[in-house]
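A.B. asks:
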Amino acid sequence: MIRNSRLALLFVPLGLIVLAGAPVMLNRYWLFLVTTLFAYVIALVGLKVLFGDAGQLSLGQAAFVGIGAYTAAIVTDTLALTLPYEILVVALVSALIAAVIAIPALRVSGLRFALVTLAFGELFQWFLRDSKGLTGGEQGLFVPPMLMGPIPGKSPLTLYIVAAIGAIFFSILAWHLPKTKVGRAMSAIRESQLAAESVGVSVWRTKLFAFIFAAVSAGIGGMLLAHTSGSISPTSFGLFSGVYLLVAIILGGSRSTLGAWIGAVYLVIVPALFTTVGLDGVYVLFSGAVLLIVIMLFPAGIAGVLQQFVATRRSNKRSKRREVTA
Amino acid sequence: MPDISLDGAIQVTLAGLSTGSVYALLLLGILIIFRVSRAVNFAQGQMGMIAAYVAYAIIAASLLPIWLALVLGIALAATIGLLTDRVLIERLAKRGALSGQDLVVTLGVMLLLTALAETFLGTQTKSFIPLGNDVQFGFRSVVVNLNQVVVLVATLVLLGAFAIFLRTKPGVAMRASAMNPDLARTFGVNVTRVKAITWTVSGALAGIVGIIIGSRLSVDPYYMTAFLISAFIAGIIGGLDRFVAPILIAFALALYQNWSAFIFGSTAGTASLFILVIVLLAILPKKFLDEKREARA
């Protein structure tokens, strides 16, 4: 915990300055990218809780991002809901679907859990492509801007602010979670389900919480993605996207909230940088190779390396101090 | 609901068995790797894709005779299998890896192979050489092609040979290294070599499957995904640490898919598979679902 707060002391003020300065410094394209980054942070924070904290490997996170995105598109288009109600509906729909999927998914663990989430993701793809009346089929849907009363929901600045607030809110939740009772129950389940059960942890309820948390955060992230990009189609929420989300959180560091931010940078900013220098083909090669290198060299992800670095510096200082007093 | 005649039923069943045999071969590669390394190889499909794609590129450029191109493709897949073991998986194992990392590593190999194919061979769908798909013969109104029949027979022979192999000395060495590597070492089994050979064989199997499926459909960087998913479903439902149950389920799944596509239409065929998975896992009694070891990944 101390290591974490040390790191937080370093990054939080820095982050806030960057956040406030960004809209002034950045052009439209980069503001759009950073807003997208925030949306991915929210989705990845959910995966951090489900996979990093509770140890449940889900290949279906992209499908929940899709559920949020499609719900947002349909709800703003047909019901003209304003943003607070839209958020509520997206969260409710995501949570409800997660609760239904949980019935088969939470009976099993390990690979079988991964398989159920994969099956769910593929079914969702089939539903998107097959029910053209609701989802627009292969072409997808246009997404109307957010409805926020007098505030222009279409403006990039509004989107930026809403997404930033969302990303910070979910990050604080995920950062605080391991300190709560349910958070500790999650780590117990991750280490050994059997042992957790034997000390009275309700495995089913804890996993359900993690699964719904992941679904809701994916849904909100998807909602913001939909409004930011203005149009959505099934391919963005398929199996490969689910794998990439998983890769991003592992690369960033699945045990740390900072890992979700690093993962989002890897998903959004790094490909944009490659495009800027005209090497977009190289990114796909780079992303697979980088994943392998990171896993082989730093199993705890990039955030893990940073924490290690801070921790060793601290202990070095401490041992120096001890030498002086001795 | 289409009219189901006897001939129609035979036709659908034969096609299902033939699809089942490619699922089974793909799954066999995954199973033997899981046996010796306790790693789930997500890259199994893409190893096959690379084999078919490279063979396609060589044939398209008419550099070499077709058979040599196919052999080269399979050899390449075998090499990738060997390298994945030596460079990645074996190192993880030596380090005493956190559980689940092997899975991420093979996901990484999968992404890398996909990216390589996208970058160097393009994303367009290419029609592969037919390999007997164009040679049709039939009795009454049942039409089958040479590819289906040869693949089905070859798979059954291969599975039989594998069952015998497990009882020979190298087969026992393989099972011993899987069950208890340290004990196997004391009996003089070179566990590292057994693993390397297993990964190489599995890679070659993936290459063969990749080429068979490529010859039936067409090749692009993603055509193996659906097959890999089906093979995985069979493996995970049947249990990755067994052989007979998952292989039988692979055939059963293919029959189920072909029959539901035949009855409800081709798009429903895909959906019915995933509905089956969810329903199966929701209603199966707990004792069938408990994994022998503690949950991994």
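Heads up: the protein sequence lines correspond to chains A and B, in order. Using the numbering used here, you'd call the opening residue of the first sequence number 24 and step up by one each time. Using the numbering used here, you'd call the opening residue of the second sequence number 1449 and step up by one each time. The C-beta atom is built at its ideal place from N, Cα and C for all residues, glycine as well.
#1: For a quick check, are the C-beta atoms of I235 (chain A) and V226 (chain A) less than 8 Å apart?
#2: Less than 8 Å between the C-beta atoms of D76 (chain A) and P201 (chain A), yes or no?
#3: Run through DSSP, which three-state label would N1593 (chain B) get?
#4: Could you tell me which of B:F1490, B:D1533, B:A1505 and B:L1476 sits nearest to L82 (chain A), measuring between CA atoms?
#5: Does the stretch 155–174 of chain A touch the stretch 262–282 of chain A, meaning 3 or more C-beta pairs lie closer than 8 Å?
#6: Between which two residues does the beta strand (DSSP E) containing Q1584 (chain B) stretch?
#7: For Q331 (chain A), does the three-state DSSP call read helix, strand or coil?
#8: Can you list, in chain order, the stretches of the beta strand (DSSP E) that have 3 or more residues and sit fully within the stretch 1517–1582 of chain B?
#9: With distances taken from CA atoms, which of B:V1599, B:F1585, B:G1586 and B:I1577 is nearest S1510 (chain B)?
#10: Spell out whether any CB of chain B is found under 8 Å from the CB atom of L90 (chain A).
#11: Is the CB of V222 (chain A) under 8 Å away from at least one CB in chain B?
#12: Against I195 (chain A), what residues of chain B qualify as contacts under a CB-to-CB distance less than 8 Å, listed in chain order?
#13: Does DSSP put S252 (chain A) in a helix, a strand or coil?
#14: Below 9 Å on C-beta distance, what does T1715 (chain B) contact in chain A?
#15: Taking only the alpha-carbon atoms, compute the straight-line gap between A249 (chain A) and S264 (chain A) and give it to the nearest angstrom.
#16: To the nearest angstrom, how far is it from the Cα of Q84 (chain A) to the Cα of T203 (chain A)?
#17: At least one CB of chain A closer than 8 Å to the CB of G1651 (chain B): is that the case?
#18: Cα separation between T1718 (chain B) and W149 (chain A)?
#19: With Y108 (chain A) as the anchor, note down where its alpha helix (DSSP H) starts and where it stops.
#20: DSSP on L60 (chain A), reduced to helix/strand/coil?
#21: Mind listing which residues of the stretch 228–257 of chain A have their C-beta closer than 9 Å to chain B's C-betas, in chain order?
#22: For F1691 (chain B), name the three-state secondary structure that DSSP assigns.
#23: How is V1748 (chain B) classed by DSSP in three states: helix, strand or coil?
#24: For the stretch 224–304 of chain A, which segments carrying the alpha helix (DSSP H) assignment without a break, of at least 4 residues, lie completely within its bounds, in sequence order?
#25: Using the DSSP secondary-structure output, state which residues sit across from M209 (chain A) in a beta bridge.
#26: Is G311 (chain A) close to chain B? Criterion is C-beta to C-beta, closer than 8 Å.
#27: Residues of chain B with a CB under 9 Å from the CB of P8 (chain A): which are they?
#28: Which residues in the same chain have their Cβ closer than 8 Å to the Cβ of F1675 (chain B), if we skip the five residues on either side of it in sequence?
#29: Just by C-beta distance, which residues in the stretch 1549–1563 of chain B are closer than 9 Å to chain A?
#30: Starting from the Cα of L1721 (chain B), find the closest Cα among B:V1605, B:A1730, B:Y1704 and B:L1479 and give me that residue.
#31: When the Cα atoms are used, what is the spatial distance from V35 (chain A) to F1691 (chain B)?
#32: Any C-beta of chain A sitting closer than 8 Å to the C-beta of A1654 (chain B)?
#33: If you measure from the beta carbon of T1673 (chain B) to each beta carbon in chain A, is any gap under 8 Å?
#34: Measuring CA to CA, which of A:Q162, A:W284 and A:Q216 is closest to S256 (chain A)?
#35: Counting only beta-carbon atoms, is V1488 (chain B) nearer than 8 Å to chain A?
#36: Buried or exposed: which applies to Y52 (chain A), given that a residue is buried once 16 or more other Cβ atoms fall within 10 Å of its Cβ?
C.D. replies: Per the coordinate set shown:
#1: no
#2: yes
#3: strand
#4: That would be B:F1490, whose Cα lies nearest to the Cα of L82 (chain A).
#5: no
#6: Q1584 to F1587
#7: helix
#8: none
#9: Comparing Cα positions, the closest option is B:I1577.
#10: What sits at residue 90 (chain A) in the sequence shown is Ile, not Leu. False, the Cβ-Cβ gap to chain B never drops below 8 Å.
#11: no
#12: Those do not exist, as I195 (chain A) stays about 27 Å from chain B at its closest Cβ, beyond 8 Å.
#13: Helix.
#14: Within chain A, the residues whose beta carbon sits less than 9 Å from that of T1715 (chain B) are W149, R152 and D153, listed in sequence order.
#15: A249 (chain A) and S264 (chain A) have their C-alpha atoms spaced approximately 15 Å apart.
#16: Taking the straight line joining both Cα atoms gives about 24 Å.
#17: no
#18: 8 Å
#19: L106 to A128
#20: Residue state, collapsed to three classes: helix.
#21: none
#22: coil
#23: Residue coverage of chain B in this structure runs from 1449 to 1745, which leaves residue 1748 (chain B) outside it and unanswerable.
#24: 226–252, 262–275, 280–287 and 293–299
#25: DSSP output for M209 (chain A) lists no bridge partner at all.
#26: yes
#27: Nothing can be reported for residue 8 (chain A), as the shown portion of chain A is limited to 24 through 349.
#28: Only V1470, Y1471, L1474, G1493, V1657 and I1661 meet the Cβ criterion.
#29: Q1549, L1551, V1552, V1553, L1555, G1556, V1557, M1558, L1559, L1560, L1561, T1562 and A1563
#30: It is B:Y1704 whose Cα lies nearest to the Cα of L1721 (chain B).
#31: Approximately 52 Å, taken between the alpha carbons.
#32: no
#33: yes
#34: A:Q162
#35: yes
#36: exposed
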